[in-house]
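Trainee:
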Amino acid sequence: MGSPVVDVAILGAGPYGLSIAAHLGKMGVPYRIFGPPMQSWQSMMPKGMLLKSDGFASSLSSPDNSFSLEQYCKETGQPYAHVGIPVPIETFIAYGLEFQRRLVPNLEQVYITSVKQHPAGFALETEQGETVLARKVVVAAGITHFAYLPPLLANLPKDLVTHTSHHSNLTRFKGKKVAVLGAGSSAVDVAALLREAEADVEIVARANSISFHEPPVINRSFLQRIKNPRSGLGLGWRSRLCTDIPLVFHAMPRKFRFRVVKRHLGPAPGWFVKEKIVGRVPMHMGVNLEHAEARDGRIHLKVSAKDGSTKELVFDHLIAGTGYRVGLTRLKFLSDGLRAKIHAVEDSPVLNRSFQSSIPGLYFVGVASANSFGPLTRFAFGSEYTANRLSRHLAKSTVSDTVLEPLVAASV
Ligand SMILES: Cc1cc2nc3c(=O)[nH]c(=O)nc-3n(C[C@H](O)[C@H](O)[C@H](O)COP(=O)(O)OP(=O)(O)OC[C@H]3O[C@@H](n4cnc5c(N)ncnc54)[C@H](O)[C@@H]3O)c2cc1C
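Under numbering that gives the first Met the number 0, the first residue of the sequence shown carries the number 0, and numbering increases by one thereafter.
1) Considering only C-alpha positions, which residue in the set F55, L300, R224, L17 is nearest to A386?
2) Could you have a look at E345 and say whether DSSP puts it in helix, strand or coil?
3) In this structure, how does DSSP classify F380 when only helix, strand and coil are distinguished?
4) Taking 7 Å as the threshold (C-beta atoms), are G320 and G183 in contact?
5) On the three-state DSSP scale, how would you describe A8?
6) If you reduce the DSSP assignment to three classes, tell me which class S52 lands in.
7) Taking 6 Å as the cut-off, is the CB of F332 close to at least one heavy atom of ligand 1?
8) Is it buried or exposed, V366, if we count other Cβ atoms within 10 angstroms and call 16 or more buried?
9) With respect to 6 Å, is the separation between the Cβ of Q38 and the closest non-hydrogen atom of ligand 2 below this value?
10) For the alpha helix (DSSP H) that G336 lies in, which residues bound it at each end?
11) How should R388 be labelled, buried or exposed, when 16 other C-beta atoms within 10 angstroms of its C-beta is the threshold for buried?
12) Strictly by DSSP, which residues pair up with I111?
13) Let me check one thing: in DSSP terms, what residues is P36 bridge-paired to?
14) Could you give the DSSP three-state label for G120: helix, strand or coil?
15) Compare the C-alpha of S208 against each of I217, V187, A196 and name the closest.
16) Within its chain, find whatever has a CB closer than 6 Å to the CB of G373; leave out the 5 residues flanking it on each side and keep chain order.
17) Here's the rule I'm using: 16 or more other beta-carbon atoms within 10 Å means buried, otherwise exposed. How should D6 be labelled?
18) Could you check the C-alpha separation between T376 and D295 for me, to the nearest Å?
19) Could you tell me the boundaries of the alpha helix (DSSP H) in which L192 lies?
20) Would you mind stating whether S230 and S220 have Cβ atoms separated by less than 7 Å?
21) Looking at the C-beta of D346, does it have a partner C-beta in chain B at a distance below 7 Å?
22) Given a cut-off of 7 Å on the beta-carbon distance, is the pair V302 and L317 in contact?
23) Output the distance between the C-alpha atoms of S390 and R194, rounded to the nearest integer angstrom.
24) In chain order, what residues of the same chain have a beta carbon less than 7 Å from the beta carbon of G412, not counting five sequence neighbours either side?
25) Could you check where the beta strand (DSSP E) with H290 kicks off and where it finishes?
26) Buried or exposed: Q116, going by 16 or more other Cβ atoms within 10 Å of its Cβ?
27) What does DSSP give as the partner residues of H162 in its beta bridges?
28) Would you mind working out which of K46, A12, V177, I9 sits nearest M282, comparing C-alpha positions?
29) Is K273 near ligand 1 - that is, is its Cβ less than 6 Å away from at least one heavy atom of it?
30) Output yes or no for whether 7 Å exceeds the beta carbon distance between L59 and P87.
31) Quick check on DSSP: helix, strand or coil for A20?
32) By a C-beta neighbour count over all protein chains shown, 10 Å radius and 16 as the cutoff for buried, is W40 buried or exposed?
33) Using the Cα positions of V411 and S396, report the straight-line distance between them to the nearest angstrom.
34) Please list the terminal residues of the continuous alpha helix (DSSP H) segment that includes A250.
35) By the 10 Å Cβ neighbour count, where 16 or more other Cβ atoms means buried, how is R331 classified, buried or exposed?
36) If R253 sits next to V136, beta carbons under 8 Å apart, how far is it from one beta carbon to the other, in whole angstroms?
If you want it as structure tokens, here you go:
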């Protein structure tokens with residue numbers, strides 16, 4: 000017997016993978032979905048973090064909006080507001096897991112170790128050694144492969160230097176002197192939580208100051224609403240255009256798109272973190288990290304200020320809040336041959352209006368699609384647009400299950 004070929008394989012069960020699966024299920028499109036559910040949220044972000052996105056912008060996309068975060072909070076008796084009550088990460092994870100149990104019960108909680116082209120479409124290997132054949136593959140691997148450490152820090156011992164994504168539990172730093180590098184949202188969240196975990200924490204950053212989000216104003220005048228409309232990405236016309244017309248963004252020149260994705264919605268920390276940081280966590284702002292060295296079991300940093308002066312700072316540990324960078328070359332599960340054939344710009348896949356790469360049947364969603372569809376797809380809010388559009392596209396080109404005989408290994 001040959002192997003059955005499934006129409007769609009989804010790689011990744013974060014907000015995007017789960018949302019797309021829920022829509023395909025409702026449409027009756029045969030699919031399989033792989034990966035641990037909500038894994039980035041469970042193991043790459045710190046416990047105790049509050050989401051920056053508003054309540055109304057923090058739902059996964061369910062068919063007919065049948066299971067929103069609001070509904071989950073109502074059912075479980077947890078506080079919820081569209082705007083104004085920050086969502087704890089623990090609530091968001093529990094909601095995502097419940098979404099999976101109800102709408103995507105067929106999730107297979109195994110990693111995919113390789114994706115290759117095959118006469119049937121694609122061959123995926125699971126970590127348990129199963130070969131799965133699929134006509135189409137949706138890569139919904141999120142941020143998990145994209146944590147970025149500057150070259151200066153990349154080769155230092157892991158017990159002295161880590162990335163924010165390495166920590167969900169910060170209690171092990173109690174009593175330790177810890178530097179957090181960066182002034183963006185991940186860095187500042189971790190600094191605030193390190194302080195709560197009784198670490199002796201200091202922020203070291205190139206920025207001159209930290210620009211926190213403004214607290215939300217709930218009852219806004221008509222004029223305020225016109226001047227500064229609300230969207231799932233925050234206030235302002237730029238964000239509103241990003242959420243409402245991603246296909247217009249898709250049609251813009253590449254230089255413009257890349258610039259907007261880099262610059263718009265920089266990683267400003269949430270308003271609610273300000274009081275935990277300002278006046279409480281010492282900061283070395285406006286400094287450049289020149290050198291980092293492990294010595295005598297500690298990490299020694301040489302930083303320079305804009306006036307040219309330098310100083311040495313010594314810590315038990317450095318956590319780099321240096322963010323994430325999309326890079327196809329970092330998706331090691333793509334076979335070398337397949338990756339080499341994907342048309343990419345700055346290592347980011349070029350996608351058509353249906354999220355399809357230059358390889359027919361291979362799709363990328365979430366942050367990996369941001370250079371094509373805009374900042375919207377960096378956030379859970381973008382799962383609504385993506386899941387609706389992509390599932391309709393996949394349903395149109397559905398072919399019923401067949402059996403391939405014999406199974407030809409066609410590694411690309
Ligand atoms: C500190 C921090 C705070 C954030 N706060 C917010 C916020 O408040 N609101 C918001 O909307 N967004 C926030 N984000 C962005 C957030 O990452 C995205 O919104 C969201 O995770 C996108 O969902 P996703 O499904 O694309 O990716 P992910 O949530 O990253 O999910 C990807 C999934 O793919 C799986 N996977 C990866 N490789 C494989 C493989 N080989 N086989 C099988 N499975 C695989 C992973 O296990 C993971 O579960 C934040 C990000 C960070 C880092």
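No residue lacks a Cβ here, since even glycine has one placed at the ideal position from N, Cα and C. Note that the structure is a prediction, hence the values are computed from the model and not measured.
Mentor: On the basis of the coordinates in this document:
1) By one-based count along the sequence shown, residue 386 stands at place 387. The shortest Cα separation from A386 among F55, L300, R224, L17 belongs to L17.
2) To locate residue 345, count along the sequence shown from 1; it is residue 346. It is coil, neither helix nor strand.
3) Taking the sequence shown and counting its residues from 1, one reaches residue 380 at position 381. DSSP places F380 in coil when its eight states are reduced to three.
4) Locating residue 183 in the sequence shown gives position 184, where the first residue counts as 1. Locating residue 320 in the sequence shown gives position 321, where the first residue counts as 1. Yes, they are a contact pair.
5) For the purposes of this step, residue 8 is identified with residue 9 of the sequence shown, where counting begins at 1. Strand at A8.
6) One-based indexing of the sequence shown puts residue 52 at position 53. Reduced to three states, the DSSP call for S52 is coil.
7) Numbered from 1 along the sequence shown, position 333 holds the residue referred to as residue 332. The answer is yes for F332.
8) Here residue 366 refers to the residue found at position 367 when the sequence shown is read from its first residue. Buried, because 16 or more other Cβ atoms sit within 10 Å of the Cβ of V366.
9) This structure lacks ligand 2; the ligands present are ligand 1.
10) Start at 1 with the first residue of the sequence shown, and residue 336 comes out as number 337. From DSSP, the alpha helix (DSSP H) with G336 extends over 335-340.
11) Translated into positions along the sequence shown, residue 388 becomes position 389. With 16 or more other Cβ atoms within 10 Å, it is buried.
12) Here residue 111 refers to the residue found at position 112 when the sequence shown is read from its first residue. Paired residue(s): T125.
13) Within the sequence shown, the letter at position 37 stands for residue 36. Bridge partners of P36: A12.
14) Within the sequence shown, residue 120 is the residue found at index 121, counting from 1. G120 falls in the strand class under three-state DSSP.
15) Your numbering for residue 208 matches position 209 in the sequence shown. Comparing Cα-Cα distances from S208 to each of I217, V187, A196, the minimum goes to V187.
16) Position 374 of the sequence shown, counted from the start, is the residue given in the question as residue 373. Cβ neighbours of G373 beyond the five flanking positions: C241, P245, F248.
17) For the purposes of this step, residue 6 is taken as residue 7 along the sequence shown, with counting starting at 1. Under this definition D6 is a buried residue.
18) For the purposes of this step, residue 376 is taken as residue 377 along the sequence shown, with counting starting at 1. For the purposes of this step, residue 295 is taken as residue 296 along the sequence shown, with counting starting at 1. Computed Cα separation, rounded: 44 Å.
19) Translated into the one-based positions of the sequence shown, residue 192 becomes position 193. First-last of the alpha helix (DSSP H) with L192: 184-195.
20) To locate residue 230, count along the sequence shown from 1; it is residue 231. To locate residue 220, count along the sequence shown from 1; it is residue 221. Cβ atoms of S230 and S220: not closer than 7 Å.
21) No chain B is part of this structure, which consists of one protein chain only.
22) In the sequence shown, counting from the first residue as 1, residue 302 sits at position 303. In the sequence shown, counting from the first residue as 1, residue 317 sits at position 318. The answer is no: Cβ separation not under 7 Å.
23) Counting from one through the sequence shown, the residue named residue 390 turns up at place 391. Counting from one through the sequence shown, the residue named residue 194 turns up at place 195. When rounded, the distance between both Cα atoms is 44 Å.
24) Given a span of 0 to 411 for the chain in the structure shown, any question on residue 412 remains unanswerable.
25) Looking up residue 290 in the sequence shown gives position 291. Residues 286-294.
26) Here residue 116 refers to the residue found at position 117 of the sequence shown. Buried: at least 16 other Cβ atoms inside 10 Å.
27) What you label residue 162 is simply residue 163 of the sequence shown in a count that begins at 1. Beta-bridge pairing links H162 to A319.
28) Walking along the sequence shown from the start, residue 282 turns up at place 283. It is V177 whose Cα lies nearest to the Cα of M282.
29) Position 274 of the sequence shown holds residue 273. Checking the Cβ of K273 against ligand 1 gives no.
30) As a working mapping, residue 59 is identified with position 60 in the sequence shown. As a working mapping, residue 87 is identified with position 88 in the sequence shown. Taking 7 Å as the Cβ cut-off, L59 and P87 do not qualify as a contacting pair.
31) Translated into positions along the sequence shown, residue 20 becomes position 21. In the structure shown, A20 sits in a helix (DSSP, three-state: H, G or I).
32) By 1-based counting over the sequence shown, the position of residue 40 is 41. Under this definition W40 is a buried residue.
33) As a first step, residue 411 is located in the sequence shown; it is residue number 412 there, counting from the start. As a first step, residue 396 is located in the sequence shown; it is residue number 397 there, counting from the start. In this prediction, V411 scores a pLDDT of 35, lower than 50, which makes its location untrustworthy; the coordinate-derived value is nonetheless stated afterwards. Whole-angstrom Cα-Cα distance: 24 Å.
34) Within the sequence shown, numbered from 1, the residue matching residue 250 stands at position 251. First-last of the alpha helix (DSSP H) with A250: 245-250.
35) Numbered from its first residue, the sequence shown carries residue 331 at position 332. Looking at the sequence provided, one finds Lys at residue 331 rather than Arg. Looking at its Cβ environment, which holds fewer than 16 other Cβ atoms inside 10 Å, K331 is exposed.
36) Working through the sequence shown from its first residue, we reach residue 253 at position 254. Working through the sequence shown from its first residue, we reach residue 136 at position 137. Actually they do not touch by this definition, with Cβ atoms about 25 Å apart.
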